[in-house]
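In order, the protein sequence lines correspond to chains E and B.
Numbers in my numbering are just positions in the first sequence, counted from 1, shifted up by 8.
Heads up: the second sequence at position 20 corresponds to 9 in my numbering, and the numbers run straight through without jumps.
Written out below as structure tokens is the structure these notes cover.
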Amino acid sequence: SQQGEEDPQALSIQEGENATMNCSYKTSINNLQWYRQNSGRGLVHLILIRSNEREKHSGRLRVTLDTSKKSSSLLITASRAADTASYFCATSPGSGNTGKLIFGQGTTLQVKP
Amino acid sequence: NAGVTQTPKFRVLKTGQSMTLLCAQDMNHEYMYWYRQDPGMGLRLIHYSVGEGTTAKGEVPDGYNVSRLKKQNFLLGLESAAPSQTSVYFCASSHRTGPSEAFFGQGTRLTVV
């Protein structure tokens, strides 16, 4: 089974609202990353948080990591129609950089204008 | 900059046929990955490589083989294609040093009939 599970599977909001997506994982990790995928395209990296970090910001993105609960959340503030996409969390299992990168099932976000 | 290039972009195979998907990256990355993406399943790791001449199994390796003879190339082979291998295949690469983001190709849509 996959390392990461995301919820909700689908989210629909109005432009200007905030969107929150959650990711849970099963084993200890070195880092956790969030990616975005526009329909039919490759994935694009958004943000990386290390296992010893609790929160990270990048523009309108805020990521939190709770290693005790093995969970992370991605918050997109003041959403725009252009944020419509699928969002995936990915974990690097283990304590070091083993190279392995495991993805969750993703959250599909629709932002209505 | 080309980044990560996948060849071909589309392919239709008959059951039992073989084929090789090529991934090439020009960023001097040590790590390379092959994923498959199916509806509702997110991305699942097939095989990955941490350097030239090395390969390792991911979450769903059965029915696939890989080779990394040159640092810049990572080949995914299907020896005897099955309809269950109908999917979109993504290649990715990343640096070995420290936690590092992965860069993705645009995908190969494979249909096995």
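We put the beta carbon where it would ideally sit given N, CA and C, even for glycine.
Can you name, in chain order, every residue of its own chain whose Cβ lies under 7 angstroms from the Cβ of residue i, other than the five neighbours on each side?
i                : result
T99 of chain E   : Q11, G12, Y33, I37, L40 and I110
G114 of chain E  : E14, S94, Y95 and F96
P(-3) of chain B : T97
Kindly indicate which residue of the options has the alpha-carbon position closest to the one of residue i.
i               : options                         : result
Q74 of chain B  : B:T86, B:A81, B:P50 and B:C80   : B:P50
K46 of chain B  : E:D91, E:T85 and E:K108         : E:K108
M30 of chain B  : B:E48, B:Y20 and B:V39          : B:E48
Q95 of chain B  : B:L11, B:Q6 and B:H84           : B:L11
M16 of chain B  : B:S82, B:P88 and B:V102         : B:S82
Y53 of chain B  : B:T9, B:T(-4), B:P28 and B:V101 : B:T9
R98 of chain B  : E:R44, E:Y43, E:R68 and E:G48   : E:G48
A71 of chain B  : B:T100, B:V77 and B:T86         : B:T100
R68 of chain E  : E:S59, E:G104, E:T85 and E:M29  : E:T85
I104 of chain E : E:G112, E:R58 and E:T116        : First, the residue type needs correcting, since residue 104 of chain E is Gly and not Ile in the sequence shown. The option with the nearest alpha carbon to G104 of chain E is E:R58.
Within a Cβ cutoff of 8 angstroms, which residues of the same chain sit near residue i, ignoring the five residues on either side of it in sequence?
i              : result
E23 of chain E : S87, R88, A89, V119, K120 and P121
E61 of chain E : L73
L32 of chain B : Y24, R25, Q26 and F79
S66 of chain E : L54 and I55
V55 of chain B : W23, I35, H36, S38, T44, F63, L64, L65 and G66
I21 of chain E : A27, S87, L117, Q118, V119 and K120
Since residue i and residue j are thought to touch, with beta carbons under 8 angstroms apart, how far apart are those beta carbons, to the nearest angstrom?
i              : j              : result
Q14 of chain B : F79 of chain B : Q14 of chain B to F79 of chain B, Cβ: 13 angstroms. No contact.
S81 of chain E : N26 of chain E : Not quite, the Cβ-Cβ distance comes to about 11 angstroms (not below 8 angstroms), so this is no contact.
Given 7 angstroms as the limit, tell me if residue i has its C-beta closer than that to any heavy atom belonging to the ligand NAP.
i              : result
V55 of chain B : Only the bare structure without any ligand can be found here, which leaves the ligand NAP out of the picture.
Leaving out five residues before and five after residue i in sequence, what residues of the same chain have Cβ atoms less than 6 angstroms from its Cβ?
i              : result
E63 of chain E : T72
R44 of chain E : V52, L54, A93 and Y95
Q6 of chain B  : A70
Complete beta strand (DSSP E) runs within the stretch 28 to 108 of chain E (minimum length 3 residues, chain order): 37 to 45, 51 to 58, 63 to 66, 69 to 74, 79 to 84 and 93 to 101
State whether the stretch 54 to 67 of chain B contacts the stretch -10 to -1 of chain B, with contact taken as three or more CB pairs (one from each stretch) at a distance under 8 angstroms. no
Using 8 angstroms as the cut-off, can you tell me whether the stretch 67 to 74 of chain E makes contact with the stretch -7 to 12 of chain B, which would need three or more C-beta pairs spanning the two stretches below that distance? no
Would you say the stretch 65 to 73 of chain B touches the stretch 14 to 21 of chain E, given that touching needs at least three Cβ pairs under 8 angstroms? no
Taking only runs that begin and end inside the stretch 5 to 43 of chain B, name each unbroken alpha helix (DSSP H) of 4 or more residues, in chain order. none
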